[in-house]
Each structure stands twice: as structure tokens, then as C-alpha cells.
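These notes concern the structure reproduced below.
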Amino acid sequence: MSLLERVKRLEGMHPELTPIQLCDIWRHMIAALDAGETFSELSARVNENLLYSAGVTPQGWEEHRLEAIADYEKIFGPGSFKENRDSQKRWREASEDRHF
Numbered sequence: 001m002s003l004l005e006r007v008k009r010l011e012g013m014h015p016e017l018t019p020i021q022l023c024d025i026w027r028h029m030i031a032a033l034d035a036g037e038t039f040s041e042l043s044a045r046v047n048e049n050l051l052y053s054a055g056v057t058p059q060g061w062e063e064h065r066l067e068a069i070a071d072y073e074k075i076f077g078p079g080s081f082k083e084n085r086d087s088q089k090r091w092r093e094a095s096e097d098r099h100f
């Protein structure tokens, strides 16, 4: 099931959620997947009950996460995902040091 299908499922199970809330959940899921975050990191920002309602489980999330990393590394080479994330972290830290 794609992330979009999961958000649509969530919308059906929780009609009280506004479109903005659904978009916010979608945004957090995409950002977490892009960052290679674990389910526990994602559930720190998105209510775990909402994730389960969307059909997102720790095991399923781990499968999506590993698939996304593998796809990234097919394009950019082995180890590139971690290298890119480390580079982004160093850049953020350097940017924070420049703020007064």
C-alpha cells in the first residue's frame, strides 16, 4: 500500500481530521521516509494511533524505509544514503553555529 493510499485510508477512518491535518501527517511521513527515520522517530511527531489507523506499523514502516534507502543507493551508489545524511547534518550544525 502506498503512502497516499494510507493517508486516504486514514481520512476514511477519521473524518474529523481536516485536510490541513491530513496534509501535515502526509508531510511528516514523507519527511521521515526521506530522512530514513525509524517508526519511533516518526511516531514522536505523529500520533501513533493515527499511524496505525493508516495501516502504518513498525514492521511495515521499516520495510518502506529500507526500500527507500535501497532505491536511493541504486541511483547514487552504496553508502551514499548515510553519506548524504551525514553531510546534511554537518551543514545544519554549521548553519546553526553562524546564528547569534
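For the sequence shown, the UniProt record's numbering begins at 1 and goes up steadily by one.
We put the beta carbon where it would ideally sit given N, CA and C, even for glycine.
Quick one: Cα of residue i to Cα of residue j, how far?
i: Gly77; j: Arg27; result: 27 Å
i: Asp97; j: Tyr72; result: 30 Å
i: Gly36; j: Ala68; result: 8 Å
i: Leu51; j: Gln59; result: 12 Å
i: Pro15; j: Asp24; result: 15 Å
Check this for me: beta carbons of residue i and residue j, under 8 Å apart or not?
i: Arg9; j: Leu33; result: no
i: Ser7; j: Leu22; result: Checking the sequence, you will find Val at residue 7 rather than Ser. Yes, the pair counts as a contact, with Cβ atoms nearer than the cut-off.
i: Leu3; j: Ile30; result: yes
i: Phe81; j: Glu62; result: no
i: Met13; j: Ser43; result: no
Between residue i and chain C, is any beta-carbon pair separated by less than 8 Å?
i: Glu41; result: Checking the listed chains, one finds no chain C in this structure; it contains a single protein chain.
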